[in-house]
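S.K.: Handing you this structure, nothing more for now.
Quick look at the structure:
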């Protein structure tokens, strides 16, 4: 019997727990691929297959349920495949999203202050409208 192939090649480094800034709200990116966790999961898989437990390291704040749901959605949409040895890997289609994600991230960084201002203004309008409706 042949031993199972290791999921992560020995040359592959562990994921950096600090690869995502915990104060950087992913909701500021102006479009969505899957759910709010999907782009970060794709980025985690960029260097090769990863186990579920490895993915949780940089995705601080994600619950096991949310990670499972996100991975299932990415599998369903053809971006990720579950490997026989228990890990997850990008498909060719998923790897094709990395370039557009790079462009979206660069655009978001370039317009960060404007996005924050717009979000805060929207929250203020929503808060004022909600108070007016409650009073009326």
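Numbering (this note's numbering), first residue to last: 475 to 610. In this text, a Cβ means the ideal position worked out from N, Cα and C, and glycines have one as well.
Can you list, in chain order, the residues of its chain with a C-beta nearer than 6 Å to that of residue 555? Leave out the 5 residues immediately preceding and following it.
M.R.: Cβ neighbours of residue 555 beyond the five flanking positions: 563 and 565.
S.K.: Which of the three DSSP states is assigned to residue 573 in this structure?
M.R.: Residue 573 falls in the helix class under three-state DSSP.
S.K.: Helix, strand or coil, according to DSSP, for residue 593 in the structure here?
M.R.: Residue state, collapsed to three classes: helix.
S.K.: Quick check for students: name the residue ranges of the alpha helix (DSSP H) that lie wholly in the segment 507-564, counting only runs of 4 or more.
M.R.: Those alpha helix (DSSP H) runs which fall completely within the segment 507-564 and span 4+ residues are 512-518, 526-530 and 538-550.
S.K.: Could you check which residue in 534, 542, 552 and 494 has the C-alpha nearest to that of residue 570?
M.R.: The residue with the shortest Cα to Cα distance from residue 570 is 552.
S.K.: For residue 476, collect the residues of the same chain with a Cβ closer than 7 Å to its Cβ; drop the 5 residues on either side in sequence, then sort them by chain order.
M.R.: Low confidence applies to residue 476: its pLDDT is 47, below 50, so where it sits in the model is not reliable, and the reading given next is rough at best. Closer than 7 Å at the Cβ level, and outside the excluded window around residue 476, lies no residue.
S.K.: Taking the CB atoms as reference points, tell me whether residue 528 and residue 489 lie closer together than 9 Å.
M.R.: Going by C-beta atoms, residue 528 is nearer than 9 Å to residue 489.
S.K.: If contacts are defined as beta-carbon pairs under 8 Å, then residue 523 and residue 557 qualify, I think. What distance do you get, rounded to the angstrom?
M.R.: Indeed they touch by this definition, with Cβ atoms about 6 Å apart.
S.K.: Note down, in chain order, each residue of its chain lying with its Cβ closer than 7 Å to the Cβ of residue 493, except the 5 sequence neighbours on either side.
M.R.: Closer than 7 Å at the Cβ level, and outside the excluded window around residue 493, lie 532.
S.K.: For residue 530, which residues from the same chain have a beta carbon less than 8 Å from its beta carbon, with the 5 sequence-adjacent residues on both sides left out?
M.R.: Around residue 530: 536, 538 and 541.
S.K.: What's the call for residue 506, buried or exposed, on a 16-neighbour Cβ count within 10 Å?
M.R.: Residue 506 is exposed by the Cβ-count criterion.
S.K.: Could you check the C-alpha separation between residue 519 and residue 582 for me, to the nearest Å?
M.R.: Between residue 519 and residue 582, the C-alpha separation is close to 21 Å.
S.K.: Can you give the Cα-Cα distance for residue 559 and residue 508, rounded to whole angstroms?
M.R.: Their Cα atoms are separated by approximately 25 Å.
S.K.: Could you check what DSSP says for residue 490 in three-state terms: helix, strand or coil?
M.R.: Residue 490 falls in the coil class under three-state DSSP.
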